[in-house]
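Residue numbers (full-length UniProt numbering): 1 to 368. By construction, the Cβ of each residue, glycine as well, lies at the ideal position given by its N, Cα and C atoms.
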Amino acid sequence: MRYSVGLFKAPLFAMKYPLLRSFADLLPELGQYDAIIDVRSPLEFAEDHVPGAINCPVLNNEERIRVGTHYRQVGAFEAKKLGAALVAKNVAQHIEMLFYSHPQSWKPLVYCWRGGNRSGAMAHILAKVGWPVTRIDGGYKAYRSHVNTELTSLPATFHYQVLCGPTGSGKSRLLRTLVQQGAQVLDLEQLANHRGSVLGNVPDSEQPSQKWFETGIWHALRQFDPDRPVFIEAESKKVGKLRVPDSLMTCMRASACTVIALPLADRVHLLLDEYAHFVQDAAHLTHQLDLLAPLHGKDRIAQWRMLAESGEMPKLVEALLASHYDALYAQSVKRNFSELGSATMLPLADGSTQTFEQAAAQLIATAT
Numbered sequence: 001m002r003y004s005v006g007l008f009k010a011p012l013f014a015m016k017y018p019l020l021r022s023f024a025d026l027l028p029e030l031g032q033y034d035a036i037i038d039v040r041s042p043l044e045f046a047e048d049h050v051p052g053a054i055n056c057p058v059l060n061n062e063e064r065i066r067v068g069t070h071y072r073q074v075g076a077f078e079a080k081k082l083g084a085a086l087v088a089k090n091v092a093q094h095i096e097m098l099f100y101s102h103p104q105s106w107k108p109l110v111y112c113w114r115g116g117n118r119s120g121a122m123a124h125i126l127a128k129v130g131w132p133v134t135r136i137d138g139g140y141k142a143y144r145s146h147v148n149t150e151l152t153s154l155p156a157t158f159h160y161q162v163l164c165g166p167t168g169s170g171k172s173r174l175l176r177t178l179v180q181q182g183a184q185v186l187d188l189e190q191l192a193n194h195r196g197s198v199l200g201n202v203p204d205s206e207q208p209s210q211k212w213f214e215t216g217i218w219h220a221l222r223q224f225d226p227d228r229p230v231f232i233e234a235e236s237k238k239v240g241k242l243r244v245p246d247s248l249m250t251c252m253r254a255s256a257c258t259v260i261a262l263p264l265a266d267r268v269h270l271l272l273d274e275y276a277h278f279v280q281d282a283a284h285l286t287h288q289l290d291l292l293a294p295l296h297g298k299d300r301i302a303q304w305r306m307l308a309e310s311g312e313m314p315k316l317v318e319a320l321l322a323s324h325y326d327a328l329y330a331q332s333v334k335r336n337f338s339e340l341g342s343a344t345m346l347p348l349a350d351g352s353t354q355t356f357e358q359a360a361a362q363l364i365a366t367a368t
């Protein structure tokens with residue numbers, strides 16, 4: 001076998017790398033790469049990234065700021081020298097710590113913000129080693145443009161079965177059971193890391209960025225079979241602070257509905273189970289209740305606070321359902337879901353696992 005002369009001795013066929021390809025061309029082949037490497041800073045990566053990517057920054061958050069400041073205050077040439085030294089050091093560290101044991105057949109895909117200097121540096125060195133590396137033309141921006149375009153039309157390629165029902169009726173639990181039984185489920189609250197109400201924030205956990213939420217929706221939809229139904233919970237336009245894409249909302253609101261009905265006592269028990277963190281942290285709960293004051297007035301909020309502070313959680317949950325959640329939910333679904341009038345009713349006898357498993361099996365069997 002013939003070899004090139006240089007610091008890195010590699011087969012001549014490796015000299016055609018790195019390849020530069022568009023994201024649209026790469027999309028059907030993403031699963032064929034051994035690693036998708038995002039070389040942007042950790043902050044950029046945290047906001048959004050290609051699903052399945054790992055973060056191997058060639059400039060960390062502080063270094064990126066430092067190079068940018070140097071560019072503005074000193075000049076482009078000096079900034080490039082500084083950046084080159086930092087990038088070379090970081091790429092070397094990634095090779096030593098993460099890539100060193102990989103065989104020559106290891107096939108990485110690399111990208112940065114625009115597919116320019118940062119990914120180019122990483123890809124160039126990996127290719128010189130002899131790895132068959134590919135770089136995304138246009139980088140993250142090209143990927144993001146593709147997702148934005150897809151989200152305007154992709155939701156309409158599926159038919160949805162929308163689960164309706166008042167708070168505590170078990171819609172989210174039923175979605176999880178449907179997943180266990182092999183159904184296609186788009187769980188927006190799970191993707192948004194929020195339960196969709198003023199008390200719906202998940203403790204000690206932030207919601208993702210809007211972009212990452214949309215990436216999650218796109219990634220889930222592109223794996224679904226258009227010939228099978230997609231089960232989804234009736235949601236408002238926002239889940240916590242995150243906005244559901246308009247195209248998906250339009251499809252949801254015109255889709256067939258199934259109304260879940262669970263006895264009140266079981267609804268209370270289910271909510272106490274799923275919101276157990278509020279039982280353990282009454283101070284946090286009372287703070288969240290204060291947010292309802294514009295709707296219910298200070299006197300009613302004071303009554304609810306007393307129930308929370310005295311540990312009378314079942315009574316508090318019943319009061320919230322009767323005076324707040326049920327009325328708001330009824331108004332919202334009637335206004336927004338055009339097929340609600342012809343909805344299928346699905347009464348649940350209780351909140352047991354067996355009941356939910358039977359309900360999920362029934363939904364799968366009857367979905368069209």
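Out of the options, point me to the one whose CA is closest to residue i's CA.
i           : options                : result
K16         : A24, G52, P132, L86    : P132
G240        : P229, H296, F231, L191 : L191
A88         : P103, M122, I364, T69  : M122
P42         : A76, K107, W113        : W113
C257        : S209, D204, P229, S342 : S342
residue 374 : G68, E96, M97          : The structure shown does not extend to residue 374, since the chain is modelled only from 1 to 368, so the question has no answer here.
H159        : T149, T167, L186, S169 : L186
W163        : P229, A85, R300        : For the sequence presented, residue 163 should be read as Leu rather than Trp. It is P229.
M306        : D290, L264, E150, L295 : D290
Y33         : L346, V110, V58        : V110
R118        : I37, P347, A349        : I37
E274        : S209, A319, D204, G170 : G170
S310        : S209, L285, Q331, A330 : L285
N336        : A360, T355, Q104, K237 : K237
N60         : T167, Q93, R176, D266  : Q93
Q161        : F213, L346, T355, K81  : L346
D266        : T353, W304, V202, S332 : T353
Drop a sphere of 10 angstroms on the beta-carbon of residue i, count the other beta-carbons inside from all chains shown, and report buried for 16 or more, exposed for fewer.
i           : result
E233        : buried
T157        : exposed
N90         : buried
G351        : buried
P245        : buried
R72         : exposed
residue 415 : The structure shown does not extend to residue 415, since the chain spans only 1 to 368, so no value can be given for it.
Y143        : buried
D225        : exposed
G31         : exposed
D48         : buried
A76         : exposed
M313        : buried
L321        : buried
P208        : buried
Given residue i, which residues of its chain have a CB within under 7 Å of its CB, disregarding the five upstream and five downstream residues?
i    : result
P51  : T215, H219
A317 : Note that residue 317 is Val in the sequence shown here, rather than Ala. Answer for V317: V268, L271, L272, listed in chain order.
L20  : R135, D137
R64  : S41
F45  : D38, N55
Q210 : L242, R243
Ordered along the chain, which non-local residues of its own chain (more than five positions away) have a Cβ less than 6 Å from that of residue i?
i    : result
S22  : D137
H287 : none
A183 : F231, I364
P155 : S247, L248, C251
P166 : D326, Y329
K107 : Y33, D34, P132
F8   : Caution is warranted here: a pLDDT of 46 is assigned to F8, below 50, making its placement in the model unreliable, and no coordinate value can be reported.
Looking at the secondary structure, which residues open and close the beta strand (DSSP E) in which residue i lies?
i    : result
A254 : No beta strand (DSSP E) contains A254, which DSSP labels as neither H nor E.
I36  : 35-38
A344 : The question names Ala, but residue 344 in the sequence shown is Thr. 344-347 is the extent of the beta strand (DSSP E) around T344.
V162 : 160-164
Y111 : 108-111
V185 : 184-186
Report all residues from its chain with a CB closer than 8 Å to the CB of residue i; omit the five preceding and five following residues, and keep chain order.
i    : result
E189 : S172, R195, G196, G200, E233, E235, V239
H146 : F23, A24, L27
T344 : A256, C257, T258, V259, T366
With hydrogens ignored, establish whether the beta-carbon of residue i is closer than 7 Å to any heavy atom of the ligand GDP.
i    : result
G341 : Among the components modelled here there is no ligand, and therefore nothing to report on the ligand GDP.
Could you give the C-beta distance for residue i and residue j, rounded to a whole number, given that I count them as a contact under 8 Å?
i           : j    : result
G139        : G116 : 7 Å
residue 374 : I260 : Absent from the structure is residue 374, since the part of the chain shown begins at 1 and ends at 368.
P18         : H124 : 7 Å
S338        : R253 : 6 Å
L340        : K334 : 6 Å
H296        : S255 : No, H296 and S255 are not in contact; Cβ-Cβ is about 32 Å, not under 8 Å.
A308        : A282 : 5 Å
I217        : L264 : The Cβ separation is near 33 Å, so there is no contact.
A319        : Q181 : With a Cβ gap of about 35 Å, A319 and Q181 do not count as contacting.
On the DSSP letters alone, give me the boundaries of the alpha helix (DSSP H) that residue i sits inside.
i           : result
E235        : That residue, E235, is in no alpha helix (DSSP H); it is neither H nor E in DSSP.
R135        : Here R135 belongs to no alpha helix (DSSP H); instead the beta strand (DSSP E) covers 134-136.
R21         : No alpha helix (DSSP H) contains R21, which is instead part of the beta strand (DSSP E) from 19-21.
Q331        : 326-336
residue 374 : Residue 374 is absent from the structure shown; the chain starts at 1 and stops at 368.
A322        : No alpha helix (DSSP H) holds A322; DSSP gives it neither H nor E.
H269        : 264-274
Does any C-beta atom of chain B lie closer than 8 Å to the C-beta of residue i?
i    : result
A123 : Protein chain content of the structure displayed is limited to a single chain, and chain B is not contained in it.
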